[in-house]
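Q: Under the UniProt record's numbering, the sequence shown has 184 at position 184, and the numbering climbs by one with no breaks.
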Amino acid sequence: MIANVIVDVPSQNTNRPFDYKIPGKFEGIVQPGVRVIVPFGPRKILGYVVSLSETSSFSSVKKITDVLDVIPTLTEELLQLGKWLSKNTLSYYISCLQVMLPQVMKAKYRKELWKLTEEPLGSELDPLFDGRAVVDFEEFEKSGIGYHTLRKHMNDGDVDVHYEVKSRETKKTMTMVQPNLNPMELEEKLEDLSPQAKKQRTIVEYFLEYPDAIEKKRLLDVISTTPASLKPLIEQGVIREFKQEVFRDPYGDRDFERTQPFPLTAEQETAIQPILKTIEENVHDVFLLHGVTGSGKTEVYLQSIQEVIDKGEEAIMLVPEIALTPQMVERFKGRFGSKVAVLHSALSAGEKYDEWRKIQRKEVQVVVGARSAIFAPFTNIGLIIIDEEHETSYKQEDRTRYHARDVAIERGKTHQCPVVLGSATPALESYARAVKGNYQLLTMKKRMNESVMPAVDLVDMREELHNGNRSMFSIMLKEKIEERLSRGEQVVLFLNRRGYSTFVMCRDCGHVSECPHCDIALTFHKRQNRLKCHYCSHEEPMPTECPECESKTIRYFGTGTQKVEEALQELIPEARVIRMDVDTTRRKGAHERLLKKFGEGQADILLGTQMIAKGLDFGNVTLVGVLAADALLNLPDFRASEKTFQLITQVSGRAGRHEKPGEVVVQTYTPEHYSIELASQYDYEQFFNEEMKLRKAFRYPPYFFLTLFTISHPNQLKVQEVTQKITMFMQQKLSDQSYVLGPTPSALTRINNRYRYQCMIKYKKEPEQRKFVERILHYYEDEMKQENGLQITVDFQPYQLM
C-alpha cells in the first residue's frame, strides 16, 4: 500500500502529496489523518497522510520511517476542510492542516552531526566530537570549522548530517499503586510481616479495606509514611506500582454551581424557535441573531446547545478571546458540567493539548473557545455559534489568513447543521447578507428583566478645553464618578491605549523618540521608566535629555491607561482602581484574578483597554466612561467608523445590566460624527444605512470585495519596484470592472527594519484573479525563500490595513 503524504515543507514545489510505501508493520495503522515521519532528501521530517492508494506512478518510492498516531489526528472532514482552506486563502496545504492542531502537535526539528567511524577525524573535528558520537549542529556552526572540511569528511563517509523530528507532546502521568495479590494472599502476607514492620502492616491493612488503585503520593499522605516503607512491598511483588495518564484540567480545582435554564422572554422564544427547528431537522442555515447588549443572547445559545446535547450531537461555541471571561466559562460549565472543553490563549500548552484530546476522544460534547476552536475534531456537529460575530479577532492575520465565520459556514454545510452569528452590533457585511435574505435575521430589541438601556451623555472635549478644563476627565464624568463611589457603586472606564503616554517629545526642538527599527513613535511605560515599541518589542531607557538638542524639557503627549490610572488617583485619592490591559494581564490567571477582585467589590473603578469592552456582567456597575471615543476614527481604515460605533455600543452595554439603572459618559472631540452620535442613541439600523451609503460611494465591502498585497523587504527601492510590477501586472490582467490601487507605502511604512508597500484590488467578480495571484507568488518564490528576503502576503479579505 502507498500513503499519499503532505510533508512539513511549506513551499510551492512541495504543495502536493508525495508517495511513500507503508512497511508491513504499519499496515492497518497508517490511515488518512495520521502523522508520520518520512525521509525527504537528506533528512527525516513530519508529514500528514491525506489518502491511500494501491500503487504509485513512480517506480521507486521510499518507506515511511515511523508513525506518530494510532488514532488519526485529523478526521476525513478536516482533511477536506484543509483543501478548501488552501484553495480559498492560497495558503500551503501543510499550513492549513497545522493551523487546526494544538501547538505542541507540530514538529520540532533538531539538526545533528553524527560520527560514523572509530578512526580519528583530524585536529579540527576530533575536539568538536570530544569522544561523543553525536553533537548538535549548532556546536559545529559556533566552532568556526569551515564547511569545506565538513564536506570532505561527509564525502569520505566519516560523518553525516542527521535531522531528528522531536515531538513536543507531553502526556501528564501520576504514579499509582494497587495490591498485586488477592485479599486472601494479602491476609497471609499480613500474618508473615513482623510486628516491628508497623508501616508495612498499615499499608497492607489499608489495601485489605480499600483494594482499588490509589495515587502513590495520596496513599503516603493518608497513612503518614514515606516511600521507604512502600519499597520492600513493591520489590516483593505485594504491591504493584504503575504510571497512569491524567488530563491537565485548567478548571479541576473549581466547583461550578449547576444552573437550570431560565424561562425565556417572548423575544427570546421567537428567536430560538427557527434555530431549534433546523437542529431538529438537521438542516444547514445561517442565522444572524441581532440582540442589544443584555437581551439574553447567551441564554438562547445555552438552550439551543442543550437541544443538540439531547440529540447526542456536538456543539462549537466561539467567543472572542477578550470576551472569554471567567464569567462566560462559569455559565457554560455551570449548565453543562464536564461535557464542556474550553480552549483559549491563557491555558498552558499542555492544558490546551489535553482539552483538545478530550474533544478527540469524545469525552465532551461542547467546546467553548476562541478563533481556532472552530477546528475542534468533532465528527457529529449539530450547531455552531459565533458570539460577537463582528469581532475582527475572528480573522487570522498571519500565515493561513482565514475567517472563522467562513470556516464555520463551510463546516455547517458539511454537517448539515445551523450556524448562529450573534451580536449587538453585527458586521456590516453580515447584516447586509441578512437584509438580502442570505442569512435569517432574528432580532431581540429589549433587555432582560425589563431593564432599560443606559442613558448616554456626549461630552464635547473642545468645550471643556475652552472652559479651562485641561484634565483628561470632563467635569461631568468626574462628578458622576464621585457620585457613584459615594453610593458604593462601581465604575468602568474605557481607553483603547495601553502604556503611560502615546509619545514623548522635546518641547524645544520637537524631536519625537521613535523606534530605530519601525516608523512609529515609542510608547512611554512609567512603571518601568522605559520606552517601548508595541510592534517589534524594542525597548530603551527613558532619556533624561533630548538626544538631538540636549534640552531637558521633555514632555509626554497622549494618554495611555497608566497615565489615566495615575490621574485618577490624584483626582479621587480614595478610589480603588484596577487597571486591565496587556501589561497587567501577562501572567497566567491574572485576567481572572483581577475580574474576581472587581466582582467581589474589592475595587471601585475598572480601567482598561478593549479587553473590558465585552463579556463583563457586574450588577453593581452603574457608570461607564469612554475617555477618547475618537481614537479609532483617525486611523487609515475604511472600517474606522464601524469599529467606533461597535466599541461605544459594546462598552456602554456594561452599565445597568441588572436592577440598578446605568449611565454612560462618552468624551469626544467630534460629537457630531454620525458613528458617535448614533452609538449614543443605540440606533444600529440608522448607522447601517449611513455607513452603507459611504461604502457604496467609495467601493468598499459589502459592495466590493478586496484583495490586499503587502510587500516587504529591508531595501526600500526593492519594495517599490516589486509593488509597482505587481500593480501593473494586475491592471493588465483584470477586467475594467475592477480597480487596482497602488503602489503606496503602508500606513506603518517600516516595521522591524523592513519597508512595507501595498497594492489593493477592489472587484465584484474576477474568476481568474487567484490564478494571476498564484503566478505572481510563483514568479517571486526563489526571492521569498531567501533569509531576510522578499515577503509578499496576499489577503483576500483584509481586516488589518495598516
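Even for Gly, the Cβ is constructed at its ideal location relative to N, Cα and C.
Note that the coordinates shown come from a computational prediction; the quantities given were computed from them, not determined experimentally.
Based on DSSP bridge pairs, tell me the residues matched to Tyr394.
A: In the DSSP output, where bridge partners are listed per residue, Tyr394 has none listed.
Q: Could you tell me which residues DSSP pairs with Pro541 in its beta bridges?
A: Bridge partners of Pro541: Arg530.
Q: Looking at the structure shown, is Arg639 part of a helix, part of a strand, or coil, going by DSSP?
A: Three-state DSSP puts Arg639 in coil, outside helix and strand.
Q: State the DSSP-derived secondary structure class of His658, mapped to helix, strand or coil.
A: Coil, per DSSP.
Q: Tell me whether Trp356 is buried or exposed, calling it buried when 16 or more other Cβ atoms sit within 10 Å of its Cβ.
A: Per the 10 Å Cβ criterion, buried.
Q: Could you give the residue range of the alpha helix (DSSP H) that holds Arg447?
A: First-last for Arg447: undefined, no H or E at that position.
Q: Using the C-alpha atoms, what's the distance from Met448 back to Ile203?
A: Each residue's Cα considered, the two are about 58 angstroms apart.
Q: Take Thr749 and list the residues in its own chain whose beta-carbon comes closer than 7 angstroms to its own, dropping the five residues that flank it on each side.
A: Counting only Cβ-Cβ distances below 7 angstroms, and skipping sequence neighbours, we find Asp519, Tyr755 and Arg756.
Q: With distances taken Cα to Cα, identify the nearest neighbour of Lys725 among Arg507, Glu685 and Tyr780.
A: Answer by Cα proximity: Tyr780.
Q: Evaluate Thr710 with the Cβ neighbour count: other Cβ atoms within 10 Å of its Cβ, from every protein chain shown; 16 or more gives buried, anything less gives exposed.
A: It counts as buried.
Q: Does DSSP put Ala603 in a helix, in a strand, or in coil?
A: In this structure, Ala603 counts as coil in the three-state DSSP scheme.
Q: In the DSSP assignment, find the alpha helix (DSSP H) that holds Ser86 and state where it starts and stops.
A: It spans Glu76 to Thr89 - the alpha helix (DSSP H) in which Ser86 sits, taken as one unbroken run.
Q: Note down the Cα distance separating Tyr682 from Ile648, rounded to an integer number of angstroms.
A: Tyr682 and Ile648: Cα-Cα distance of roughly 9 angstroms.
Q: Whose C-beta lies closer than 7 angstroms to the C-beta of Glu124 among residues of the same chain, with five residues either side of it excluded?
A: Ile145 and Thr149.
Q: Taking 7 angstroms as the limit between beta carbons, can you name the residues of its chain near Ile223, skipping five residues before and five after?
A: Thr202, Ile203 and Tyr206.
Q: Kindly indicate which three-state DSSP category His403 falls into: helix, strand or coil?
A: His403: strand per DSSP, three-state reduction.
Q: What are the complete beta strand (DSSP E) segments, minimum 3 residues, inside the region 478–520?
A: Taking only runs of at least 3 residues, the beta strand (DSSP E) segments lying wholly in the region 478–520 are 490–494 and 503–506.
Q: Please tell me whether Phe256 and Gly334 are closer than 8 angstroms, where the distance is taken between their beta carbons.
A: A contact, by the Cβ cut-off of 8 angstroms.
Q: What does DSSP give as the partner residues of Pro745 in its beta bridges?
A: Beta-bridge pairing links Pro745 to Tyr757.
Q: My output table needs one value for Leu52: the three-state DSSP class, helix, strand or coil.
A: Of the three classes helix, strand and coil, the one that applies to Leu52 here is strand, per DSSP.
Q: In the DSSP assignment, find the beta strand (DSSP E) that holds Pro39 and state where it starts and stops.
A: Here the beta strand (DSSP E) through Pro39 covers Arg35 to Phe40.
Q: Let me know if Gly653 comes out buried or exposed under the rule of 16 or more other beta-carbons within 10 Å of its beta-carbon.
A: Classification for Gly653: buried.
Q: My assumption, with CB atoms under 8 angstroms, is that Val38 sits in contact with Gly24. Please give the rounded CB distance.
A: About 17 angstroms separates the two Cβ atoms, so there is no contact after all.
Q: What does the alpha-carbon distance come out to for the pair Thr723 and Val367?
A: Cα-Cα distance, rounded: 43 angstroms.
Q: Report the partner residues of Ser712 according to the DSSP bridge assignment.
A: Its beta-bridge partners are Arg756 and Gln791.
Q: Beta-carbon separation of Leu571 and Val577 under 8 angstroms?
A: No, they are not a contact pair.
Q: Starting from Glu663, trace the beta strand (DSSP E) in both directions and tell me its first and last residue.
A: Unbroken beta strand (DSSP E) run through Glu663: Glu663 to Thr668.
Q: Thinking Leu706 and Ile761 are a contact (beta carbons under 8 angstroms), I'd like their distance in whole angstroms, please.
A: Sure, about 7 angstroms apart at Cβ, within 8 angstroms.
Q: Residues in its own chain within less than 6 angstroms of Asp398 by CB, not counting five upstream and five downstream?
A: Once the five neighbours on either side are set aside, Asp398 has no close Cβ partner at all.
Q: For Thr73, which option in Glu514, Phe378 and Tyr431 has the closest C-alpha, if you only look at C-alpha atoms?
A: With distances taken between Cα atoms, Thr73 lies closest to Phe378.
Q: Which stretch, first to last residue, makes up the alpha helix (DSSP H) that contains Leu101?
A: Here Leu101 belongs to no alpha helix (DSSP H), and DSSP marks it neither H nor E.
Q: Any idea if Ser513 is buried or exposed, counting beta-carbon neighbours within 10 angstroms, 16 or more meaning buried?
A: With 16 or more Cβ atoms within 10 Å of its Cβ, Ser513 is classed as buried.
Q: In terms of residues, what are the limits of the beta strand (DSSP E) holding Arg579?
A: First-last of the beta strand (DSSP E) with Arg579: Val577 to Met580.
Q: Flag this pair as yes or no: are the beta carbons of Val564 and Leu607 separated by less than 8 angstroms?
A: Result yes, Cβ atoms of Val564 and Leu607 sit closer than 8 angstroms.
Q: Taking C-beta to C-beta, are Asn282 and Gln440 nearer than 8 angstroms?
A: Not closer than 8 angstroms, so no.
Q: Looking at C-beta atoms only, is the number of pairs between the region 28–35 and the region 48–56 that lie closer than 8 angstroms three or more?
A: At 8 angstroms Cβ cutoff, the stretches touch.
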